[in-house]
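Protein chains in written order, with the working numbering: chain H, 646 to 1214; chain R, 2 to 357. The beta carbon of each residue, even a glycine, is placed where N, CA and C say it ideally should be. These numbers were taken from a predicted model, which means no experiment stands behind them.
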């Protein structure tokens, strides 16, 4: 899941506009893409049905039930933290003016650049009983030995909740902040004109108005928490995701893993339902409001600095401290040993996989979005929704679903070449990384479908009609008119998919070809082994790449801010 | 002339020397005017002239850099003083109505009545909803309302706490043409009945002329003119005001010895300097047709049927700018190609030519 999910307009809209027709092939293509996304889910169901009843009872009692309990606690805790933190920070920045507010406005998004497994990796080190934080505390408090003074262990459920909340709160902060800034201003002013004081405004108006945005953000954050594998595992929390991984990899029980994955999909479906419901509410709330800037309350003197300190704390903890630590560790490592050839190879593998996935995801998204443009209506809208299914599916679930049909296909290819040419190909799809790219496509296709679709929405239909009346067919009009106009949307989608692929851990871990490591899996195995060699450099590279889409997101925010200023009459 | 001018009302709301800048650009420059009790004042101007900003300053949702605003003897804002918007007792109706989407119509209206006994709140909500003609919508939610219904609910909500002054930002601009005039007439009747003073911001001159007791024409952050609507329409103080309030003919010329000579005649221009470029302005209805021998001879270049009248475009044979003239519409238009023009000299205004 990614930053894009925070942007509006994921689902393809049903339009009743007359279509131009032509290009039936695009609709077929769209259907194929949708089928490719749907296939892993169907495979998963089929696989789950292969398990025997006796094993199911065992699985339920010893794996699934405890994992469900742990996941529920984790989701509740993370949900609570992201809602409180995200909403409070959004109100602080939207409705108050204090030193550093402008910087904080976008800086609060920075923790999005830190994947959950990296924040866990960093804090395991930072808060280790022999790590810098505890050493410093002991020095300050006058204790000599770790035995005399120890912080509560971060490797615990509360630790996992805290760390996940620290990097996931922006999912709530951003939509709520946008809501306060763009839609609520007029309503809050109306409230004041009706006698509501500034201090009561938050509880009486702002909070009820923000409820849909909070629900959207929280459901996205929880999908991400559900997807997490690294943090939970490093911190010793046995969630559903971790259980799938161990059931599959350690116990080689594929049907069992598929059964857990299906249970997980039910949780995901509940979160998606919540998100969709809240988005519908959001549309009502957003209806006729004109954008108007909110006039902030000025906090001067000590109150202003206190506001800055309070607002900066999540940025420091969720981004600044980890980044500084990674920088110093990486600098030390590079100074000592340089960058190892192994790390270079991993970087190349990471970039290669991300490039392949990005190309495939963009092509798929273009087919689906253009088909919906040519033939607006129920069929293409359904294909669009099916193609976007993956955004909510955890990486482990996607990987499991992809593995089954791809492994079957691999065997078929192997046998047929054996028969025809007398030599086998082995597992060519999995071995070449094609299976992994397929998993990436399933998981990230929603980003490009959504992004390209909203790019299309910006292009007036009259241009289609003009191009067609001047003799272009559907394909030619796509080349001559749409593609040039879609460039910003395509670049944005490409950036997001590329970076998210680089950061992706669970599916990569399960489907990477034998002997191939990416930066993310490198970090994972070092953290799992407890060795910290090149890990900091790998983590730093991932965080650095992750900052790019955050900057893009912050710039979009600023641009709408300028528009808002221009609109004041 | 004096019969046209509105009597100056005793000042109740007073604005003195108010200025406001946005990012270094002046949105309002040194605005001063007063409003009497129960008076309805229109702020009229093109978009970006600062009229909405002025309204928001009076409401208190925006602060002026300089200047003082006083309501009924109480300083609302000025040097060292600022009354929060919720404590001003001023009602505000927003252009987009700003109905709270999560509250029912009744709860929207009750919002401003917080702190009063529930029975009283209920009675007041029923009362204003009934007066506004939307009592049957009490349980609906804002997204279920039509434009006209939303407008009436917003009005009821603003009036519920009994404000003595109501500020309205383009209150009718979101309504369809046909509905707009009905709703406008009803709204004004309601304001008069409740004796609520109002400042209405609009960009529509016909609307401003129809509703205002007094009318302020704003231009580039300043009040260009403030007077009764009839006075401003018939005796406009500047060319901008004259042209903003309705169609008119502009004939340029040069001032010679206190007079300006045009193809339509010579007009006195006593206040203008020798040799200065000036314009003669008159409304289309100041021109009448006559025999070409008796008045300025002109050729009809075009005529547009506007329903109630026929707008005729003419060019003087002596040359010069095209002119407009209104004729009462008839089923059969019988217009010769060559006509004479007679001008009602009393309806002519001479302005120094403005450098745009």
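Taking the beta strand (DSSP E) that residue 343 (chain R) falls in, what are its first and last residues?
-> 339-344
For residue 1088 (chain H), which of H:779, H:844, H:682, H:676 has the nearest alpha-carbon?
-> H:682
CB contact check: residue 83 (chain R) to chain H, cutoff 8 Å | no
Residue 932 (chain H) to residue 102 (chain R), Cα distance in whole Å?
-> Confidence in residue 932 (chain H) is poor, its pLDDT being 47 and thus under 50, which makes the residue's placement unreliable; the coordinate value appears in the next sentence. Spanning the two alpha carbons is a distance of roughly 9 Å.
Cβ-based neighbour list, residue 883 (chain H), same chain, cut-off 7 Å, excluding 5 preceding and 5 following | 711, 712, 715
Counting pairs of beta carbons, one from the stretch 185-201 of chain R and one from the stretch 113-127 of chain R, are three or more of them closer than 8 Å?
-> no
According to DSSP, is residue 1038 (chain H) helix, strand or coil?
-> coil
Out of H:1044, H:948, H:1172, H:1135, state which residue places its alpha-carbon closest to the alpha-carbon of residue 737 (chain H).
-> H:948
Stretch-stretch touch, CB-based, cutoff 8 Å, three pairs: the stretch 1019-1030 of chain H with the stretch 673-689 of chain H | yes
DSSP three-state call for residue 28 (chain R): helix, strand or coil?
-> strand
Check whether the Cβ of residue 775 (chain H) lies closer than 7 Å to any heavy atom of the ligand COA, and answer yes or no.
-> This structure simply doesn't include the ligand COA, nor any ligand for that matter.
Whole-angstrom C-beta distance between residue 1044 (chain H) and residue 1151 (chain H), which should lie under 8 Å = 7 Å
Which residues, in order along the stretch 58-82 of chain R, keep a beta-carbon less than 7 Å from a beta-carbon of chain H?
-> 60, 62, 63
Could you name the residues of the stretch 100-120 of chain R whose beta carbon sits closer than 7 Å to any beta carbon of chain H, in the order they occur along the chain?
-> 101, 102, 103, 112, 113, 115
Anticipated Cβ contact below 8 Å, residue 728 (chain H) with residue 863 (chain H), distance rounded = 5 Å
Return yes when the Cβ of residue 956 (chain H) is within less than 8 Å of the Cβ of residue 811 (chain H), no when it is not.
-> no
Residue interval of the beta strand (DSSP E) (run including residue 318 (chain R)) | Looking at the DSSP string, residue 318 (chain R) is not in any beta strand (DSSP E), and its letter there is neither H nor E.
CB of residue 837 (chain H) within 8 Å of CB of residue 62 (chain R), strictly | yes
Chain R contact residues for residue 844 (chain H), given Cβ-Cβ distances below 7 Å = Chain R residues near residue 844 (chain H): none, gap ~11 Å exceeds 7 Å.
Rank H:767, H:1186, H:720 by C-alpha distance to the C-alpha of residue 989 (chain H) and give the top, closest one.
-> H:1186
Just the Cα atoms here: how many angstroms apart are residue 1139 (chain H) and residue 925 (chain H)?
-> 28 Å
Length of the line joining the Cα atoms of residue 685 (chain H) and residue 866 (chain H) | 24 Å
Could you pull the start and end residues of the alpha helix (DSSP H) that residue 141 (chain R) belongs to?
-> Unbroken run through residue 141 (chain R): none, as it is neither H nor E.
Of the residues R:236, R:334, R:94, R:283, which one's Cα is nearest the Cα of residue 192 (chain R)?
-> R:94
Residue 17 (chain R) touches chain H at which residues, Cβ-Cβ below 8 Å?
-> The contacting residues do not exist; residue 17 (chain R) stays about 23 Å from chain H at best.
If you draw a straight line from the alpha carbon of residue 324 (chain R) to that of residue 311 (chain R), how long is it in whole angstroms?
-> 14 Å
Cβ pair residue 258 (chain R), residue 232 (chain R) closer than 8 Å = no
Going by DSSP, name the residue or residues bridged to residue 280 (chain R).
-> R:253, R:352
Tell whether a beta-carbon distance below 8 Å holds between residue 799 (chain H) and residue 880 (chain H).
-> yes
Residue 329 (chain R), enclosing beta strand (DSSP E) - first and last residue = 324-329
Nearest neighbour of residue 65 (chain R), chosen from R:50, R:31, R:49 [CA to CA] | R:31
Environment of residue 827 (chain H) [buried if 16+ CB atoms lie within 10 Å] = buried
According to the neighbour-count rule (16 or more other Cβ atoms, all chains shown, within 10 Å of its Cβ), is residue 984 (chain H) buried or exposed?
-> exposed
Given that residue 837 (chain H) touches chain R, what residues does it touch there, using C-beta distances under 7 Å?
-> 62, 86, 87
Which parts of the stretch 1004-1033 of chain H are runs of the alpha helix (DSSP H), unbroken and 4 residues or longer, counting only runs that do not cross its ends?
-> 1023-1032
Which residue from H:1154, H:1137, H:1175 puts its Cα closest to that of residue 1198 (chain H)?
-> H:1137
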